[in-house]
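Using this note's numbering, you'd call the opening residue of the sequence shown number 113 and step up by one each time.
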Amino acid sequence: MTRAWLSLAAAFEVRCLRYAMKQLGSPYIWGGKGDQRFDVTLGLRPWTDGELRPGRRAYDCSGLVLCAVRETTAIDARGRWNAQSMHDATREWEGLTRIHAALRFYGSTRTGVSHVAFAFESRAELVPQCLVLEAAGAGKDATSETVARSKGAEVRYVEDKRDDLISSVPLWALGVSLGAVERPPEAP
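What follows is the structure, encoded as structure tokens:
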């Protein structure tokens with residue numbers, strides 16, 4: 113990977129992470145895609161009364177990641193991609209070196225991915241912990257800000273203690289998959 117490519121990929125990651133970090137404390141609502149909600153029948157739609165207070169944003173796990181990409185690149189994949197499709201699109205970069213952060217995918221199997229989070233993985237062998245930035249804390253029953261708040265479901269930092277990790281890819285891999293970052297050059 114060239115120094116110029118690394119610089120562009122790093123800039124993509126930093127902009128995504130800055131956006132996501134600014135969302136700390138925002139409610140987790142199933143289907144939440146920031147300023148809109150995803151409905152399987154209607155697609156992306158505005159929040160309705162009782163779901164979220166006006167002027168607020170709410171996220172589910174994939175909504176947080178995809179809104180960060182949208183704010184960084186203007187590429188809006190919120191109605192097309194979820195945790196599973198992000199996993200499938202980035203698999204070829206699994207195990208490659210991250211720059212600032214990774215995306216961690218969780219679930220039951222490689223075809224049963226149900227959660228995605230930004231991950232800040234320790235590079236020290238003696239420090240195995242990983243801090244993740246995620247939208248989580250409830251499941252499909254978190255359908256309003258009121259329910260989310262009662263369950264403590266929000267965008268948050270937590271130490272990753274999950275036992276259902278499927279894979280981890282560099283954050284830049286999502287940018288490549290969406291066409292926002294050029295493919296990394298082949299090593300000489």
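For glycine and all other residues, C-beta sits at the position ideal for the given N, C-alpha and C. Predicted, not measured: the structure shown is a model, and the values here were computed from it.
Counting pairs of Cβ atoms below 8 Å between the segment 240–259 and the segment 154–173, do you hit three or more? At 8 Å Cβ cutoff, the stretches touch.
Quick check: P296 and W117, are their CB atoms within less than 8 Å of each other? yes
Does the beta-carbon of Y269 have 16 or more other beta-carbons within 10 angstroms, so that it is buried, or is it exposed? exposed
Helix, strand or coil at V281 [DSSP, three-state]: strand
If the criterion is Cβ atoms closer than 8 Å, does the pair R216 and L136 meet it? No, they are not a contact pair.
Exposed unless 16 or more other CB atoms sit within 10 angstroms - verdict on M198: buried
Between the CA atoms of R157 and P166 - distance to the nearest angstrom: Inter-residue distance for P166 and R157 is about 14 Å (C-alpha atoms, whole angstroms).
How many angstroms separate the CA atom of K263 from the CA atom of T255? 11 Å
Check: A260 C-beta below 7 Å from any heavy atom of the ligand FAD: Annotation note on the ligand FAD: not contained in the displayed structure, which lists no ligands.
Are three or more beta carbon pairs between the segment 183–201 and the segment 225–233 nearer than 8 Å? yes
In whole angstroms, what separates the C-alpha of L208 from that of L286? Going from the Cα of L208 to the Cα of L286 covers about 13 Å.
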